[in-house]
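What follows is one structure encoded as structure tokens, with my remarks underneath.
Residue numbers (mature numbering (1 follows the signal peptide of the UniProt record, and there is no 0)): -24 to -1, 1 to 400.
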């Protein structure tokens, strides 16, 4: 299947290139762009445990992103390169850049994306494909973009869509962390064992407010996941609407690598149920979400690295996904456009979890705020954001280090400055 899929993509790209060549004598259309982005991030964390310390990571990055567009609406290429370096990083606190020999952070540079893309439409059916290194985001897999440089993965993607329905397939064979300068590295399980690939199949359908999603994926010999989602949105009047959705996720061991991993095991399985509702009025919203995890701690990562994706409304500062844990979140937000501040928005939330199995006296909660402002006029392209999280957790997990790592108290402040300029 691997050879067939790659051959199919190769034939599609070759055919598109040939068609472009034939059309070249008549007219060549393309819409290339080159964007430069500067990022300056400051992360401050205060450990609220007795004797806890403050840590700071102040780092910045410069990124160049070239997109050829689609030549004659058929083929194109995307290349992204960047530099990231520390400005002031406490020993052991580096998270935007590598820790370095002194723990204060090292500068890195390299390519984050380099891929080819192709598209074609025939009788109302749309075909799309990409091959190479890119930042990927699916229902059960997501290359992290929360640092000054993004993680990326090596592979190929195929999709076909028509009449509101879409089917897709992705195979991933390499990965680069958000703090690595190399273009791609082998997949592994975190114990220095190679993982051959990740394969993900999925489909979605949308019709008059109804949204259906299904996705299945597996990392060879390690983890397999299933994700289902059904959502429905409807208007109450010209100013208000309601969004509803239900989600189901399942994760289980998938072979020898899982069986030999003491943190997984051959019999590992877990699942979660997530229910959500939100009410929207003008530029404001309020929401409520509930999540229940059963059978085991939910493993949402196919391989080691920053590509996990717990697809639940309870994926907050921490994922509320321990075995037996019941959790809920209340959220709200407002876009100040109708107050003359079009680029200003503010979101707040409160989450709480309890009843995790095999953790005595367990409970945790967090409240958080995210406020952002995108400038316009002469400062268009500049944006500022501030994330604040107050996280508190208690309990005794015994010798379980994975669970113990979720039991801490911390105040988190993160400031984000981003400025983008289009060269063309």
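By construction, the Cβ of each residue, glycine as well, lies at the ideal position given by its N, Cα and C atoms.
Predicted, not measured: the structure shown is a model, and the values here were computed from it.
Can you tell me the Cα-Cα spacing of residue i and residue j, whole angstroms?
i           : j           : result
residue 55  : residue 324 : 36 Å
residue 383 : residue 367 : 10 Å
residue 130 : residue 40  : 19 Å
residue 266 : residue 157 : 39 Å
residue 183 : residue 34  : 45 Å
residue 106 : residue 42  : 16 Å
residue 1   : residue 52  : Confidence is the limiting factor: at residue 1 the pLDDT is only 49, short of 50, which leaves the residue's position unreliable, though a coordinate-based value still follows. Going by the C-alpha atoms only, they are around 18 Å apart.
residue 358 : residue 370 : 40 Å
residue 334 : residue 373 : 7 Å
residue 243 : residue 377 : 20 Å
residue 391 : residue 350 : 14 Å
residue 399 : residue 13  : 11 Å
residue 250 : residue 354 : 44 Å
residue 143 : residue 289 : 24 Å
For residue i, is the classification buried or exposed, using 16 other Cβ atoms within 10 angstroms of its Cβ as the cut-off for buried?
i           : result
residue 233 : buried
residue 257 : exposed
residue 101 : exposed
residue -14 : Its pLDDT being 44, under 50, residue -14 is placed unreliably by the model, and the measurement read from it follows with that caveat. The residue is exposed, with fewer than 16 neighbouring Cβ atoms inside 10 Å.
residue 65  : buried
residue 15  : buried
residue -4  : Its pLDDT being 49, under 50, residue -4 is placed unreliably in this model, and the value from its coordinates should be taken loosely. Exposed, since its Cβ has fewer than 16 Cβ neighbours within 10 Å.
residue 165 : buried
Nearest CA to the CA of residue i: which residue from the options?
i           : options            : result
residue 262 : 237, 218, 349      : 218
residue 352 : 386, 328, 293, 313 : 313
residue 407 : 228, 364, 153, 31  : What is shown of the chain runs -24 to 400, which leaves residue 407 out entirely.
residue 47  : 95, 85, 36         : 95
residue 380 : 355, 320, 294      : 294
residue 216 : 236, 200, 226, 254 : 254
residue 112 : 132, 103, 14, 372  : 132
residue 342 : 399, 66, 291       : 291
residue 308 : 276, 346, 365      : 346
residue 401 : 104, 171, 82       : Any question about residue 401 goes unanswered here, given that the chain covers just -24 to 400.
residue 26  : 248, 390, 385, 396 : 385
residue 50  : 79, 348, 4, 32     : 4
residue 348 : 317, 87, 375, 338  : 317
residue 172 : 394, 397, 278      : 278
Output yes or no for whether 8 Å exceeds the beta carbon distance between residue i and residue j.
i           : j           : result
residue 163 : residue 145 : no
residue 128 : residue 110 : yes
residue 90  : residue 59  : no
residue 259 : residue 326 : no
residue 24  : residue 387 : yes
Within 7 Å: the Cβ of residue i and any heavy atom of the ligand FAD?
i           : result
residue 165 : For the structure depicted, the ligand FAD is absent and the ligand set is empty, with no information on it obtainable.
Nearest chain B C-beta to residue i closer than 8 Å, yes or no?
i           : result
residue 239 : Absent from the structure is chain B; it holds one protein chain and no more.
Next item on the list: Inspect the CB distances between the stretch 302 to 318 and the stretch 174 to 187 and report whether three or more fall short of 8 Å.
Entry: With a cut-off of 8 Å on Cβ pairs, the stretch 302 to 318 is not in contact with the stretch 174 to 187, counting fewer than three such pairs.
Check: Counting Cβ pairs closer than 8 Å, one from the stretch 188 to 206 and one from the stretch 222 to 229, do we hit at least three?
Finding: Yes, the stretch 188 to 206 is in contact with the stretch 222 to 229.
Next item on the list: State whether the stretch 284 to 299 contacts the stretch 316 to 323, with contact taken as three or more CB pairs (one from each stretch) at a distance under 8 Å.
Entry: Here the stretch 284 to 299 does not lie against the stretch 316 to 323, with fewer than 3 beta-carbon pairs under 8 Å apart.
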